[in-house]
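Structure record follows, encoded as structure tokens.
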Amino acid sequence: MAPPRHIGGAMTHHRTPLVAPPRASLPPMPGWLVQELRSDHAGETGAVMIYRGILAVSRDAGVRDFASRHRATEQGHLDMLEALLPPARRSRLLPIWKVAGFLTGALPALFGPRAVHVTIDAVESFVDHHYQQQLDRLDAEGIHPEIRALLAQCQAEEVEHRDEARDLHGGAPGVLLRAWGWIVGAGSAAAVMAAKRI
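Heads up: the sequence shown runs through residues 50 to 247, numbered per my numbering.
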């Protein structure tokens, strides 16, 4: 991996762009992996919309820089998953995930930078755990190393988003923001469960 660099006050890394292998070149995927990729695709769709929601509302220059950079990363994840997962295998609930994602970004942006950063911390904490579960199962079954490498890169970039957000919100949030963070985390978990099935 290339050395880190500073962008807009934040430490980031140059990474190779995510490129999915041609679907025809991959061995058949087990059903559980298709479900996981469906949930990943839904989640990355929601993530792009979270940052769009932030950008639609916030006028804070630092927040807008943060959201613009991370939206570009999430769009890269989404593009990769769309190349990997045929349209027929994607969640049929995508319109709901788009609206929910937009609101998850726009609502905290009404309350300022700290609310935005707590939200992203909560979302990315869940996403880190979700990707790790997939990596662990792929390792246990010893299958699809190409997909594993792509998911590991997604996870690493999501962790960077979480850590930057955590640094920016400056410590333990108050009761209301903790409650909001819990709602965001619980909503993310519910969305994953639904996206795996529908």
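All C-beta atoms, glycine included, are put in the ideal place defined by N, C-alpha and C.
No experiment lies behind these values; they were computed from the predicted model shown.
Exercise for the section: Over the uninterrupted alpha helix (DSSP H) stretch that includes aspartate 109, give me the two end residues. Expected result: Counting along the chain, aspartate 109 falls outside any alpha helix (DSSP H), and DSSP gives it neither H nor E.
Problem - Option nearest arginine 186 by Cα separation, candidates Pro76, Arg139, Trp81, Arg141 - result: When each option's Cα is compared against that of arginine 186, the closest is Trp81.
Problem - Exposure label - arginine 72; buried when at least 16 CB within 10 Å - result: Per the 10 Å Cβ criterion, exposed.
Practice task
Tell me, please, whether the CB atom of leucine 143 is closer than 8 Å to any CB atom in chain C?
Solution key: Among the protein chains of the structure shown there is no chain C, as only one such chain exists.
Exercise for the section: State whether the region 104-122 contacts the region 139-150, with contact taken as three or more CB pairs (one from each stretch) at a distance under 8 Å. Expected result: Remark: fewer than three beta-carbon pairs, one from each stretch, lie closer than 8 Å, so the region 104-122 and the region 139-150 are not flagged as touching.
Problem - threonine 168 to isoleucine 247 span [Cα, whole Å] - result: Cα-Cα distance, rounded: 26 Å.
Problem - Per-residue burial, leucine 130 [other beta carbons within 10 Å of its own, 16 or more giving buried] - result: It is buried - the Cβ of leucine 130 has at least 16 other Cβ atoms within 10 Å.
Practice task
Decide if the region 112-127 is in contact with the region 190-198; the criterion is three or more beta carbon pairs, one per stretch, under 8 Å apart.
Solution key: These segments do not touch.
Handout entry: Rounded separation between histidine 98 and phenylalanine 151 - CA only
Key = A quick correction: the sequence has methionine, not histidine, at residue 98. Rounded to whole angstroms, methionine 98 to phenylalanine 151 spans 5 Å at the Cα level.
Problem - Close beta carbons around alanine 183, own chain, < 7 Å, minus the five adjacent residues each side - result: Sequence check: residue 183 is glutamine here, not alanine. Same-chain partners within the cutoff: Glu85, Leu200.
Practice task
With distances taken Cα to Cα, identify the nearest neighbour of alanine 96 among Glu173, Leu225, Leu142.
Solution key: Comparing Cα-Cα distances from alanine 96 to each of Glu173, Leu225, Leu142, the minimum goes to Glu173.
Handout entry: Coil, strand or helix - methionine 78 by DSSP
Key = Looking at methionine 78 - three-state DSSP - the assignment turns out to be coil, as it is neither helix nor strand.
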